[in-house]
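Notes for the one structure printed next.
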Amino acid sequence: YMATNQQQLAMKTYLRMTDVYEPAYNEVAYSVLMAARLARTLGDEQQAKTLYARVFPYGYGLATGAALRDQAEKLLEANKPEEAIRVLTSEPLVGEGAKQAQAAVTAFLAVCHYRAGRAEIAKQKALEAQRIFDALSKDEKGFSGIAEQVQFAQACI
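Listed below in structure tokens is the structure:
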């Protein structure tokens, strides 16, 4: 459906995945994440927020980190770095992909602190993100542009 620009049908299909794959938490969490992103694309911020909240209970680190970052990015675009920081720190990053998510979320925390005028905290978070990233295995480093996110945080300081 995405290839044919039918976002509404794609979102419904992602949500049907929760019924089919319930035991496979990572696939379900990812499907709900994608549905949330589509709701946002379609301009339904309330549904997007509701769907992002549904990602967290699955305990899939990568999806949780992506959901937190998506929401924080929207807040930062609205020049609300304090709210973005609150969102980024509101859910624990656990389960599969938690280390990669922690690197990405910490990198974005650096950007948010920088935008909030706290350069020293931004520097600490950027260095922390780099340490987390450096500790990842080669395979773990390949996920979701994590290297670029950490490099961007470094550029802020």
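If you're matching positions, the sequence shown starts at 5 in the working numbering and goes up one per residue. By construction, the Cβ of each residue, glycine as well, lies at the ideal position given by its N, Cα and C atoms. Since the structure is predicted, the reported quantities are computational estimates derived from the model, not experimental observations.
The DSSP-derived three-state label of Val98 is coil.
Here Ala120 carries a coil assignment [DSSP, helix/strand/coil].
Counting other Cβ atoms within 10 Å of its Cβ, Thr110 reaches 16 or more and is therefore classed as buried. The residue among Ala67, Tyr29 and Gln50 with its C-alpha nearest the C-alpha of Met38 is Ala67. A contact is defined here as three or more CB-CB pairs under 8 Å, and the segment 107-125 meets this definition with respect to the segment 84-95.
Linking Gly101 to Val36 through their CA atoms gives a straight-line distance of about 16 Å. Under the rule that a run must span 4 or more residues, the alpha helix (DSSP H) segments found entirely inside the segment 23-55 read 29-45.
Our two residues, Leu131 and Thr54, have alpha carbons roughly 33 Å apart in a direct line.
It is roughly 8 Å from the alpha-carbon of Lys103 to the alpha-carbon of Glu144. Shown here, Tyr64 sits in coil according to DSSP, grouped into three states, outside any helix or strand. If you check the CB distance, Gly69 and Leu42 do not come in under 9 Å. In this structure, Ala123 lies away from Gln153, with their beta-carbon atoms at least 9 Å apart. CA-to-CA, the gap between Gly149 and Pro85 works out to about 22 Å. The beta carbon of Arg58 sits closer than 6 Å to those of Val36, all from its chain and outside the five residues before and after it, given in chain order. Contact check for Gln12 against Leu46 passes: the beta carbons are separated by less than 9 Å.
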